[in-house]
Structures are given as C-alpha cells and as structure tokens.
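Student:
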Amino acid sequence: MSSPLLELKNLHVHYGAIHAIQGLNLVVNEGEIVTILGSNGAGKTTTLHSISGLIPTSSGEILFDGKRIDKTPAFKIVSHGIAQSPEGRMVFPDLTVFENLEMGAYLRNNKEEVDKDLHYMFSLFPRLLERKKQLAGTLSGGEQQMLAIARAYMSKPKLLLLDEPSLGIAPILVKAIFDAIVEINKTKNMTILLVEQNAFAALKIADRGYVIATGEMFMEGKADDLITNEEIQKAYLGH
Amino acid sequence: MNQDLVYFFSDLVQYLINGLAQGSIYALIALGYTMVYGIIKLINFAHGEFYMIGAFVGYYCLMSGMPLLLAFPVAMIGAGLVAIVVEKIVYKPIRHAGRIPALITALGTSLFFQYLGQGLIGADPKAFPEAIKSVTYTFGEVMITSTQIIIMAMTFILMLLLYWLVNHTRTGKAMRATSFNKNAAELMGINTDKIISITFFIGSSLAGAAGVLVGMYYNTVEPMMGLIPGLKAFIAAVLGGIGIIPGAVIGGLVLGVAENLVVGFWVSTYRDAIAFGILILILLIKPAGILGKNRREKV
Numbered sequence: 001m002s003s004p005l006l007e008l009k010n011l012h013v014h015y016g017a018i019h020a021i022q023g024l025n026l027v028v029n030e031g032e033i034v035t036i037l038g039s040n041g042a043g044k045t046t047t048l049h050s051i052s053g054l055i056p057t058s059s060g061e062i063l064f065d066g067k068r069i070d071k072t073p074a075f076k077i078v079s080h081g082i083a084q085s086p087e088g089r090m091v092f093p094d095l096t097v098f099e100n101l102e103m104g105a106y107l108r109n110n111k112e113e114v115d116k117d118l119h120y121m122f123s124l125f126p127r128l129l130e131r132k133k134q135l136a137g138t139l140s141g142g143e144q145q146m147l148a149i150a151r152a153y154m155s156k157p158k159l160l161l162l163d164e165p166s167l168g169i170a171p172i173l174v175k176a177i178f179d180a181i182v183e184i185n186k187t188k189n190m191t192i193l194l195v196e197q198n199a200f201a202a203l204k205i206a207d208r209g210y211v212i213a214t215g216e217m218f219m220e221g222k223a224d225d226l227i228t229n230e231e232i233q234k235a236y237l238g239h
Numbered sequence: 001m002n003q004d005l006v007y008f009f010s011d012l013v014q015y016l017i018n019g020l021a022q023g024s025i026y027a028l029i030a031l032g033y034t035m036v037y038g039i040i041k042l043i044n045f046a047h048g049e050f051y052m053i054g055a056f057v058g059y060y061c062l063m064s065g066m067p068l069l070l071a072f073p074v075a076m077i078g079a080g081l082v083a084i085v086v087e088k089i090v091y092k093p094i095r096h097a098g099r100i101p102a103l104i105t106a107l108g109t110s111l112f113f114q115y116l117g118q119g120l121i122g123a124d125p126k127a128f129p130e131a132i133k134s135v136t137y138t139f140g141e142v143m144i145t146s147t148q149i150i151i152m153a154m155t156f157i158l159m160l161l162l163y164w165l166v167n168h169t170r171t172g173k174a175m176r177a178t179s180f181n182k183n184a185a186e187l188m189g190i191n192t193d194k195i196i197s198i199t200f201f202i203g204s205s206l207a208g209a210a211g212v213l214v215g216m217y218y219n220t221v222e223p224m225m226g227l228i229p230g231l232k233a234f235i236a237a238v239l240g241g242i243g244i245i246p247g248a249v250i251g252g253l254v255l256g257v258a259e260n261l262v263v264g265f266w267v268s269t270y271r272d273a274i275a276f277g278i279l280i281l282i283l284l285i286k287p288a289g290i291l292g293k294n295r296r297e298k299v
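Protein sequences, first through last, are from chains S and C.
Take the first sequence: its position 111, counted from the start at 1, is 111 in this note's numbering, and no numbers get skipped.
Take the second sequence: its position 261, counted from the start at 1, is 261 in this note's numbering, and no numbers get skipped.
(1) For residue 136 of chain C, is the classification buried or exposed, using 16 other Cβ atoms within 10 angstroms of its Cβ as the cut-off for buried?
(2) Can you say whether residue 20 of chain C is buried or exposed, counting buried as having 16 or more other CB atoms within 10 angstroms of its CB?
(3) Excluding sequence positions up to five away, which residues of its chain have a Cβ less than 8 angstroms from the Cβ of residue 30 of chain C?
(4) Would you mind telling me which residues of chain S sit closer than 7 angstroms to residue 176 of chain C, beta carbon to beta carbon, in chain order?
(5) Using a Cβ cut-off of 9 angstroms, which residues of the stretch 64-87 of chain S contact any Cβ in chain C, in chain order?
(6) Taking only the alpha-carbon atoms, compute the straight-line gap between residue 124 of chain C and residue 50 of chain C and give it to the nearest angstrom.
(7) Could you check whether the Cβ of residue 299 of chain C sits closer than 7 angstroms to any Cβ belonging to chain S?
(8) Using beta-carbon positions only, say whether residue 31 of chain S and residue 189 of chain S come within less than 7 angstroms of one another.
(9) So, is the C-beta of residue 99 of chain S closer than 7 angstroms to a C-beta in chain C?
(10) Which residues in chain S have a C-beta closer than 7 angstroms to the C-beta of residue 347 of chain C? List them in chain order.
(11) Please identify, using Cβ separations under 8 angstroms, the residues of the stretch 191-215 of chain C that lie next to chain S, in order along the chain.
(12) Run down chain S in chain order and give the residues with a C-beta less than 7 angstroms from the C-beta of residue 186 of chain C.
(13) Can the beta-carbon of residue 100 of chain S be found less than 7 angstroms from the beta-carbon of residue 131 of chain S?
(14) Out of curiosity, what's the CA-to-CA distance linking residue 88 of chain C and residue 45 of chain C?
(15) Terminal residues of the continuous alpha helix (DSSP H) containing residue 115 of chain S?
(16) Determine the burial state of residue 119 of chain S: buried for a count of at least 16 other Cβ atoms within 10 Å of its Cβ, exposed for fewer.
(17) Can you find the residues in the same chain that come closer than 8 angstroms, C-beta to C-beta, to residue 145 of chain C, ignoring five residues on each side of it along the sequence?
(18) Between which two residues does the alpha helix (DSSP H) harbouring residue 185 of chain S extend?
(19) List the residues that DSSP assigns as beta-bridge partners of residue 229 of chain S.
(20) Would you list the residues sitting across from residue 208 of chain S in a DSSP beta bridge?
(21) Closer than 8 angstroms is the cut-off here; do at least three beta carbon pairs connect the stretch 211-220 of chain C with the stretch 210-219 of chain S?
(22) Short of 7 angstroms in beta carbon distance, which residues of its chain neighbour residue 59 of chain C, apart from the five on each side in sequence? Order them along the chain.
(23) By alpha-carbon positions, which one of C:171, C:228, C:179 and C:159 ends up nearest to residue 206 of chain C?
(24) Of all the alpha helix (DSSP H) runs that stay within the bounds of the stretch 28-99 of chain C, which reach a length of 4 or more residues?
(25) Which class does residue 271 of chain C belong to by DSSP, given the choice of helix, strand or coil?
(26) Looking only at DSSP bridge pairs, what is residue 159 of chain S linked to?
(27) Please confirm if residue 103 of chain S has its CB atom under 7 angstroms from at least one CB of chain C.
(28) For residue 246 of chain S, does the three-state DSSP call read helix, strand or coil?
(29) Compute the distance between the beta-carbons of residue 179 of chain C and residue 84 of chain C, then report whether it is under 7 angstroms.
(30) Any beta carbon of chain B sitting closer than 7 angstroms to that of residue 181 of chain C?
(31) Is residue 299 of chain C buried or exposed, if buried means 16 or more other CB atoms sit within 10 Å of its CB?
(32) Can you check which of these residues, C:4, C:24 and C:255, is closest to residue 157 of chain C by C-alpha distance?
(33) So residue 151 of chain C is in the beta strand (DSSP E); what residue range does that whole segment cover?
(34) Alpha carbon to alpha carbon, how far is residue 233 of chain S from residue 41 of chain S?
(35) Cβ of residue 82 of chain S within 7 angstroms of Cβ of residue 4 of chain S?
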C-alpha cells in the first residue's frame, strides 16, 4: 500500500450551532479511489468543503502530502494540488464550456500542458467538445456534470474531490461519468475522493469506502467488503 | 416641408444629442453600480461619491497645470483607489451580515464622503478649469459641442475597454466566475477578495471618469454633486437589469434620452420626476430590468 496523500485526523467542524463533523478520521492513499457514503445531512459535503478550505474547521488536522492545510484559504488549496467538482455542479452559466475549462486551469501557465489536458478531457467527454462554444448554462444536467469534473481536472490536481456526480442525472449518463472517473484514475493515476448517495455505483468503482452518519464514522473498509455487508445493504443499497 | 415639422425634427435631434451625452454619463456611473452589485450583491449607494471624488481629483490635477490627458487617468485611478480602501475597511467586514446592514452602511458611507468633502473643500461649487476650448458646431438648427463629442467618445472607448476586459481577459473571466458564485470561483484557485477589489477599482474609476467629464460639461464641481447622478445611475442600472453590464449602458442611455425629451418637449422641472417615475414603472412592470431574466437551475 502506498503512502497517505490525504489524512483527516480527529476533524471537527461546526456550522453555527450545529456540530456537523464530530471527530472524523480518514485516509486517502495515492492512486486510490475512496468513497464517502452516508445519508443526507451525514456530513459528506461538509467534509469535502473543509478539505477544500470553504468551511473553517473547529479542531483536528487535515494533512495533504504530509503538510497541514486546514488553515489554508480555499483559493490556495488548489495550488497545493486539490481540486473539487462541487455538489450541484456549480459550472459558470454565463461562461462558455471552453471558458469554464479555462477557469479550471486558472493557476496554470504552461499553455502546452493545459492544451494537452484539454484534449484529454475532450476525448473523455466528446459532448463537451461539441458544445465548446455554448454557454454552460444551456447544457443539460449530465453535460454540466461532465463539465464540472473536467473543469476540476483542468487544474491537474493530485487529488480530485467529486461531490455527488450522479445527483439528478439520467442513468445512462451516470454510467458514462463513472467510467470516466475510473479512466482518469487508471490512466492518469489521479487519486479520487468520491462522495456519493448512489452507494452501489460508488462502491463498484472504489477501492475503499467510509460510511458516515451524523458527522461520525459509522463503518469503513474495502469496497468489496462493504458492498456485501448486510448492514450497508440494508441502509444504503436498498436490499 | 412644413416649417413647424422642420423645427420639430431639429428639436428632436437636439434633445437626442443632449440625451445621449447625458446618458453616457449615467451609463459610465451605472456600470460601476452594476459591476459591484454583480459581484457582491451590494447596492453601493456611495458610488456617486466615487464619481465626485474623481471629479475633484481631476479638478486639482488640472488646477495644478496638469494636461487633461494625464489628469483624466489620474482622476480615474484616484477614484478607484479610494473605492478599494472603502471596500476593504467598510464593506468587507460586513459582507456576511446581510443585505440591510450593507445597504445602511453604503448610505452612511455616501453621507460620510459628502460631508467630509464639504468639511475639507467647502460646500460652494468650484469652477472647473477649461481643459479644452469648447467649440460649438452648428448643423442647421442643431448644435453639438466639442465637450459633448468628447463625452460620448470617451464613454464609447471606456466601454469597449471594459467589454474587452470582462470578456477576453483572465481577470475578466474570473470576475464573471466570482459574480456567479464565490465558492465555485475559489475552487478554481481564484482569489475572490482580490477580484472584488479589482471590480471596485474598475467600477469606481469609470465613475471617476464620468466625474471629470461632467466637470468639463457643466464647468462646476462640488461635494454634493454625486447625490443625484448617483441615484440616476442606480435607476439606469435597475432599468437595464442590475448586475448585467450591457444593461447599465442601455439603461443609462435610455434614461438620459428620456429625461431630455421630457425636459425639451414638456416641462424642464420634470427632469428628476421622469427618472424616478421610470424607476417606479420598471419595478412594477419588469423588476428584473430590460435585459434581466429569471434563471432556473437545470436538473
């Protein structure tokens, strides 16, 4: 097993009076796909937001590449090598597809490298190439999701955070998107932390999984073990 | 052709020219209103004061013998820098306090600068130096002054620059990204605080440019000069659709022309009434403004 890329140590996060994350421990190793599962309000998105620096943490540590990043402002997290495709996609509706991808590469100066990654994203998501000059606000939900992932990829992160990429998207596109996630992980050896409510789809592509409930770790393990676990099946897989 | 008709049409053209010159000023000020609103959803009622500050920076530069071509950018930069400082020490601390506190703070800031100006400079109007000899060109019954031409030309140039900046530069795209969603922009690595400062700077420097142009047009400047044009520009921004940059230009020009038509053909004392009447109408009929549209999130 390779070295930990991301480590959350006894993380606590408050949303006003709400104690949203209560002592979370989590490790993501280099090259892995790790998924965080849990019901609505369990603290999945909050976890990703605190990694990205969008919400201040109350206590505990977030280590990335061995360095503490939990007091780093959000816009600097990207330069450390963490990108996020946020929940609800949040593509820039008044910018074209191409401009959205440019924004993903906002901090990069090497035009050649950026072009290479752009081509890679267009080969992965040919729909985006077709709609390159279209305003992102005119895309379908599934296309917006592809754009959000591609946009996050364009910063060429070491760790890609994906928040609910299957949310509200037609099943056929969900498959395309999950295939693309695996493809990025395998060919670019990009580490992925995936938050999902579609537990089955997530566990099928993940190496390991964490299940959180009301801000606390409920269960963790290899994806293959979780998928056959009775409790998990009952609670999240609808068996 | 009937002589009355000739008079009518020359009057009409005259009022249109006056209206476009006036409207250009409104548009320049409205751009800053709308840009700041677009990016932090703040109605910056102190924006008219940045226009006043620009006018005074221009005034003192010209009084010290600086050529207009230099005084103009200095006034723009001066107004822009004041706006950056105001944003940092006044607006930033209350950014998350909600809209009403922000609005009240903006009104307070506006009053602060109006009365600071009166205290420092005095309330009486100052004669703006004649930077360029004003020439009047006559075409039949229609007159246009060189100052009007400069106002319209400068406005046009500044708008083209702004258009290029917002649409074709990295900073401009970051501004549009930030105005959609601050968090999403931060996730791109965009320092949104810096982008907000830049937006305040650009918006206020445009107001500062308008201040100098108005000084040249009406030949006076005074500390309260920002009040009414500031309100008019706010109306222009709402009329065009607040937060929408081309809307500010359309709103400004429509308002300027409407005012001058009413003043010319009807009663000159209705100049302000028509502006506020338009505000009431647009809020009743199409609150999102001429270019405004309701956006729905896609699923």
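All C-beta atoms in this analysis are idealised placements derived from N, C-alpha and C, irrespective of residue type, glycine included.
Tutor: According to the data block:
(1) Looking up residue 136 of chain C in the second sequence gives position 136. It is exposed - the Cβ of residue 136 of chain C has fewer than 16 other Cβ atoms within 10 Å.
(2) The residue labelled residue 20 of chain C in the question sits at position 20 within the second sequence. That one is buried.
(3) Here the question's residue 30 of chain C lines up with position 30 in the second sequence. For residue 30 of chain C, where only same-chain residues beyond five positions count, the Cβ hits under 8 angstroms are 233, 234, 236, 237, 240, 248, 249, 251 and 252.
(4) Along the second sequence, read from residue 1 onward, the residue named residue 176 of chain C stands at position 176. Result: 92, 94 and 95.
(5) Shown in chain order are the members of the stretch 64-87 of chain S whose Cβ falls below 9 angstroms from a Cβ of chain C: 73, 74, 75, 76, 77, 78, 79, 83, 84, 85 and 86.
(6) For the purposes of this step, residue 124 of chain C is taken as residue 124 along the second sequence, with counting starting at 1. For the purposes of this step, residue 50 of chain C is taken as residue 50 along the second sequence, with counting starting at 1. Between residue 124 of chain C and residue 50 of chain C, the C-alpha separation is close to 19 angstroms.
(7) Here residue 299 of chain C refers to the residue found at position 299 when the second sequence is read from its first residue. With a pLDDT of 42 at residue 299 of chain C, under the threshold of 50, the modelled position of that residue is not reliable, and no figure is offered here.
(8) Stepping through the first sequence from its first residue, residue 31 of chain S is reached at position 31. Stepping through the first sequence from its first residue, residue 189 of chain S is reached at position 189. Result yes, Cβ atoms of residue 31 of chain S and residue 189 of chain S sit closer than 7 angstroms.
(9) Translated into the one-based positions of the first sequence, residue 99 of chain S becomes position 99. For residue 99 of chain S, the nearest CB of chain C lies under 7 angstroms from its own CB, placing it at the interface with that chain.
(10) Here chain C has residues from 1 to 299 only, and residue 347 of chain C is not among them.
(11) Cβ contacts with chain S: 191 and 192.
(12) For the purposes of this step, residue 186 of chain C is taken as residue 186 along the second sequence, with counting starting at 1. Neighbours of residue 186 of chain C on chain S, chain order: 54, 74 and 75.
(13) The residue you call residue 100 of chain S lines up with position 100 of the first sequence. The residue you call residue 131 of chain S lines up with position 131 of the first sequence. Cβ atoms of residue 100 of chain S and residue 131 of chain S: not closer than 7 angstroms.
(14) Position 88 of the second sequence holds residue 88 of chain C. Position 45 of the second sequence holds residue 45 of chain C. Put simply, the backbone Cα of residue 88 of chain C is about 16 angstroms away from that of residue 45 of chain C.
(15) Position 115 of the first sequence holds residue 115 of chain S. For residue 115 of chain S, the enclosing alpha helix (DSSP H) begins and ends at 111-124.
(16) Taking the first sequence and counting its residues from 1, one reaches residue 119 of chain S at position 119. Around the beta carbon of residue 119 of chain S, a 10 Å sphere encloses fewer than 16 other beta carbons of the protein chains shown; the residue is thus reported as exposed.
(17) Residue numbering aside, residue 145 of chain C sits at position 145 when the second sequence is read from its first letter. Setting aside the 5 residues that flank it on each side, residue 145 of chain C is surrounded in the same chain by 134, 135, 136 and 137, each with a C-beta closer than 8 angstroms to its C-beta; the list follows chain order.
(18) As a working mapping, residue 185 of chain S is identified with position 185 in the first sequence. First-last of the alpha helix (DSSP H) with residue 185 of chain S: 171-188.
(19) Taking the first residue of the first sequence as position 1, residue 229 of chain S is located at position 229. In the DSSP assignment, residue 229 of chain S is bridged to no other residue.
(20) If you number the first sequence from 1, residue 208 of chain S lands on position 208. S:34 and S:222, per the DSSP bridge assignment.
(21) No, the stretch 211-220 of chain C does not touch the stretch 210-219 of chain S.
(22) Residue 59 of chain C sits at position 59 when you count from the first residue of the second sequence. For residue 59 of chain C, where only same-chain residues beyond five positions count, the Cβ hits under 7 angstroms are 126, 128, 215 and 221.
(23) For the purposes of this step, residue 206 of chain C is taken as the residue at position 206 of the second sequence. Selected option, being the one with the closest Cα: C:159.
(24) Listed in chain order, the complete alpha helix (DSSP H) runs (minimum 4 residues) inside the stretch 28-99 of chain C are 47-63 and 68-86.
(25) Within the second sequence, residue 271 of chain C is the residue found at index 271, counting from 1. If DSSP states are grouped into helix, strand and coil, residue 271 of chain C belongs with the helices.
(26) Residue numbering aside, residue 159 of chain S sits at position 159 when the first sequence is read from its first letter. Looking at the DSSP assignment, residue 159 of chain S forms a beta bridge with S:82 and S:191.
(27) As a first step, residue 103 of chain S is located in the first sequence; it is residue number 103 there, counting from the start. Residue 103 of chain S counts as touching chain C.
(28) Given a span of 1 to 239 for chain S in the structure shown, any question on residue 246 of chain S remains unanswerable.
(29) Locating residue 179 of chain C in the second sequence gives position 179, where the first residue counts as 1. Locating residue 84 of chain C in the second sequence gives position 84, where the first residue counts as 1. At a Cβ-Cβ threshold of 7 angstroms, residue 179 of chain C and residue 84 of chain C do not count as neighbours.
(30) Although the question refers to chain B, the structure presented lacks it and instead comprises the protein chains S and C.
(31) As a first step, residue 299 of chain C is located in the second sequence; it is residue number 299 there, counting from the start. In this prediction, residue 299 of chain C has a pLDDT of 42, which is less than 50 and means its spatial position is unreliable; what the coordinates show is noted afterwards. Its Cβ having fewer than 16 others within 10 Å, residue 299 of chain C is exposed.
(32) Residue mapping note: residue 157 of chain C aligns to position 157 of the second sequence, counting from 1. The candidate whose alpha carbon is nearest that of residue 157 of chain C is C:24.
(33) Taking the second sequence and counting its residues from 1, one reaches residue 151 of chain C at position 151. Following the DSSP letters along the chain, one finds residue 151 of chain C in no beta strand (DSSP E) but inside the alpha helix (DSSP H) bounded by residues 146-168.
(34) As a first step, residue 233 of chain S is located in the first sequence; it is residue number 233 there, counting from the start. As a first step, residue 41 of chain S is located in the first sequence; it is residue number 41 there, counting from the start. Between residue 233 of chain S and residue 41 of chain S, the C-alpha separation is close to 19 angstroms.
(35) Within the first sequence, numbered from 1, the residue matching residue 82 of chain S stands at position 82. Within the first sequence, numbered from 1, the residue matching residue 4 of chain S stands at position 4. In this structure, residue 82 of chain S keeps its C-beta atom at 7 angstroms or more from the C-beta atom of residue 4 of chain S.
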